[in-house]
Structures are given as structure tokens and as C-alpha cells.
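Protein chains in written order, with this note's numbering: chain A, 2 to 363; chain B, 38 to 172. Below is one structure, written out as C-alpha cells, with a few remarks after it.
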């Protein structure tokens, strides 16, 4: 089965190069192409309508090649991993250990309490925001599953907000509560509403991931009161992967051009601040900053395997998110991306009165 | 911790779906809410001609000319930039101004302006994109 998949992968690569790629070239040159093809492009890449005015056709051909290349690379890695998993016991043991190693319940309780307390910290002002954003109803362009529903009324949004806070409060009180699902889904629904105005807010991306996964820690547990470890590990993997993929995106789309001081300079001009303008006068600093950001994002997954890397990587992360706020006015001083760093801390760094010791299970 | 077979099946399913949620947007260059493509600031801020742009709007209230501060309407500046760019490239600049004008009916003479600059150069060009004179 795996050998067949590998064969199909090689065949798919050749098919793209010699049969499919010419259609892409025709589309970008404005020649006639099958309707299904242009429909698919607009469906998968709606920003093409905007971006085609900014970049040359060669840029998009490179992007199409990249799409196929990425799919090909991921499938290859998946097949390689499955082969290793099937034939090497050491790989199987390492995987088992990664997902199921020991993690004290007290620590799992602390993580859960802290993450769900974040819902209060980051959404306390949403109640007023619903009315403000409803004024912009003319700009509302619902995305994903929101397209199936009309614009939610302010009363509905406020009711969901109340349900979210009550559920989150229950989880902070009792971290193994099933209300975690309700709190997470309510949060994601409300945040999705804010994304419906033609701008995706990535500020809550990793917190959303974590909130999706943590509720599974209380499902089908061997002992009452216990929390499973794998949802926490998976949440850590997702956070690390978010940074890593962010670095890979920069490398594969802009290449080393991304490190050019001109690039960061242009970003600073698009998000003007006083400090950003000051920094723009020093190209060497812009280059060093860009290099540091890219390197940090690419090595971030080491945090999962090397304990001594945890503190430096997290400290750079805090500095990075503060810098995007100070220099570009992107996000706020307390980023939700930083809030989920708590999952990487090995010990509860807060006073025990704030996050009391949870019920210790055997 | 020993898991039951059902618990192991749930674990495998959730892990597979989480990785799919991470990788499908990465491959397809598209956010699939609540899963994201992490392409923030990945694309070069300027095109092959090293040109980039921002948008702003002007309007009048009782004869006084004002520059639009989107935050006075409760809209973050980054949201305004995203909206104005999208409306501009779709050729819907007038609709953008109409929508804002309806938010404050006492305003008149709306104008959408595009400021273009070349990366690395201090000067910029300002072009009037579209205007809306009727109240």
C-alpha cells in the first residue's frame, strides 16, 4: 500500500509538470482555459483578484509550483514517516512516549485553568464590540460556514458571549468539566464573526488551536478527575508548527528577498508608528531583525524536544510580539500568542493562591 | 497512563484532524477557519517595481475638510487598510465611500486617495482614486 502511494506520488509529480502546468501558464497569460480551472483558482485563492494587480504572472506561476511542491513534499514526508513507523520499533516507542509520557495532573489542571482564564482576559470588551461591528454590516462578507447563516444579531452574539464566559468560568473552577467544549466553540464562533469583514485576524490563531484541543483531555480518562496528556502535547505541537510554518512561508514565498532591509522598511511604512519610522533609518538593524525573526521561527519546534531551549525561545517570542506591537501597531501589548506559551512551562510560575493545587489523582 | 481502545481511536482521529487543519491551509494558501495559513507578512511588501501603497479618505462636514480616521468610526486602522485595498482592486471604491458616508449621513464630498511609495525612497505619490460628491 505504501509502495503504491509512493508510485502514485512520483506519477502525480510528472503529470503536473507535463500536463497540468501548461494550463496554469495559459491562465496567467489570459488565454482561454477550462471554466472549472478558473473557478477553482478563485475558490481556492480569492485574493488573486487583488494580488494580480501587485505582482507579475511569474510570481503566481511560482506560487502554483509551490502549491504542488508543498503537497508533494508533505505526502512524501507522510509516506516516509509511515514506513518508519511500520518497520522500526524504536520509532513506534518514541511516538508513544511523546504522546503518553508522564504529566502530573496538577500541571494539566494549571494549564487548563490558565488557558481558559485567557478567555476572560481577551474577550471582556467584546460585548461592546458587537454593536460597533454591526454598524459595519455593509462590509460583512461571511467566510467558511458563516456563509450558510445570515448576519447574527447583536442579541445572539451577546447571548453566546455570556454562555462562553459562564462555561469558561466553570472550567477555571473545575478544569475537567465538559463545559470546556462549549466555551471553546462559543469563542471560535464569536471570533469568526469578527473575521467576517474581509480581514483575517491571526491574533487568536494559536489560542483558538489550543482551545479546540484541550477539551479532549477530559474525555474517556482512565480515572475520574484525571486529564489526558496527548491533547496538551498536541496543542504544543500546533503552536510550534504555527511558528515554523510562518517561517517556511516567508522562505518559500519571498525567499531571501524577505531578509532585505527594503522589505521590512516597506512593512513599517504600511503600518506606520513613530518608533517604526526611527528604526527605518537603520538598514543594518532592519536586516539583523529580519534574520533573527526568520531564524527564531524556523528553530522554534526545538522547544518540543530540548528543554534548555524553552526559556530562550519563549523570551525571544515575547520580545517579537512586543516589537510587532510597538513598531507596527499590530496586536496589543499582551498577545494571545504569548498567553499560550504557558503550555511550555514545566512548573507553575504563579503564586499558588492564584492557581491552587488541583486534586491530586493516583 | 493506559488508554482504552476507544480512547486511543479518539486520540488518533483528533491528531490526524489537527495535522490536516494545519497542513491543508499551508498547501492551499487559504485560511479554512478556524484553521489558518500562517502567511502573515510572508509576501514581499512591494512588487517587482518595488512599489507599495496605502489608502486614505477625505470628507467634508459643514464645509470643513477632514481626513478619515477610521478609529473615530470604531474601525481599527488595519481593518480600513484591508477593506480599502480590497474595494480598490475590485473597482468598488465608490461603494466603499458610500458605505462610510451612510455611517455618518451629515458628511459630504468623500474622496478615496492612494499613496504609492517605492521601498527605500522617502518620497510618495498621491492619486485621487474616486470621489463621491452627492449626499
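From the three backbone atoms N, C-alpha and C, an ideal C-beta is built for every residue, glycine too.
Within the same chain, and ignoring the five residues on either side of residue 166 (chain B) in sequence, the residues whose Cβ sits closer than 7 Å to its Cβ are 125, 130, 149, 150 and 151. Taken in chain order, the complete alpha helix (DSSP H) segments of 4 or more residues contained in the stretch 296–357 of chain A are 311–329 and 337–340.
Distance between residue 149 (chain A) and residue 104 (chain A), taken at the CA atoms: about 42 Å. Of all C-beta pairs linking the stretch 298–316 of chain A to the stretch 343–352 of chain A, three or more are shorter than 8 Å, placing the two stretches in contact.
Checking the DSSP bridge columns, you'll see residue 94 (chain B) partnered with B:149. Bridge pairing for residue 168 (chain B): B:148 [DSSP].
For residue 284 (chain A), same chain residues with a beta-carbon under 7 Å away, outside a window of 5 residues either side, are 262 in chain order. Pairing residue 235 (chain A) with residue 100 (chain A) gives a Cβ-Cβ distance under 9 Å.
Residue-level contact by beta carbon holds for residue 247 (chain A) and chain B, with a gap shorter than 9 Å. Counting of Cβ neighbours within 10 angstroms places residue 207 (chain A) among the buried residues, the total reaching 16 or more.
Judged by their CB atoms, residue 329 (chain A) and residue 269 (chain A) are nearer to each other than the 9 Å cut-off. From the listed residues A:42, A:19, A:177 and A:259, the smallest Cα separation to residue 292 (chain A) is found for A:259.
Around the beta-carbon of residue 21 (chain A), fewer than 16 other beta-carbon atoms lie within 10 Å, marking it exposed. Contacts between residue 130 (chain B) and chain A, judged by CB atoms closer than 8 Å, are missing: the closest CB pair is about 13 Å apart. Taking a contact as a CB-CB distance under 8 Å, the pair residue 152 (chain A) and residue 169 (chain A) does not count as one, their CB atoms being some 25 Å apart. The alpha carbon of residue 74 (chain A) has as its nearest neighbour, out of B:163, B:60, B:102 and B:55, the alpha carbon of B:60.
Per the C-alpha coordinates, the member of B:48, B:112 and B:81 positioned closest to residue 129 (chain A) is B:112.
For residue 265 (chain A), the enclosing alpha helix (DSSP H) begins and ends at 262–271. For residue 239 (chain A), the neighbours in chain B by C-beta distance under 8 Å run, in chain order, 55 and 59. C-alpha of residue 242 (chain A) to C-alpha of residue 135 (chain B): approximately 42 Å in a straight line.
Closest by C-alpha distance to residue 138 (chain B), out of B:68, B:98 and B:77, is B:98.
Residue A:180 holds the alpha-carbon nearest to the alpha-carbon of residue 220 (chain A) among A:77, A:33, A:286 and A:180.
Residues of the stretch 89–108 of chain B that bring their beta carbon within less than 7 Å of a beta carbon in chain A comprise 89 and 91, in sequence order. Take the alpha-carbon of residue 96 (chain A) and the one of residue 229 (chain A): they are about 16 Å apart. Here residue 43 (chain A) is exposed, its C-beta having fewer than 16 other C-beta atoms within 10 Å.
Contiguous alpha helix (DSSP H) elements confined to the stretch 19–76 of chain A occur at 22–29, 36–45 and 49–52, taking only those with 4 or more residues. For residue 167 (chain A), the uninterrupted alpha helix (DSSP H) segment begins and ends at 155–174. Residue-level contact by beta carbon fails for residue 167 (chain B) and chain A, as no gap is shorter than 9 Å. In this structure residue 81 (chain A) is exposed. Its beta-carbon is surrounded by fewer than 16 other beta-carbon atoms within 10 angstroms. Here the alpha carbons of residue 290 (chain A) and residue 69 (chain A) stand approximately 31 Å from one another. Contact between the stretch 172–190 of chain A and the stretch 108–119 of chain A is present: 3 or more CB-CB pairs across the two stretches fall below 8 Å.
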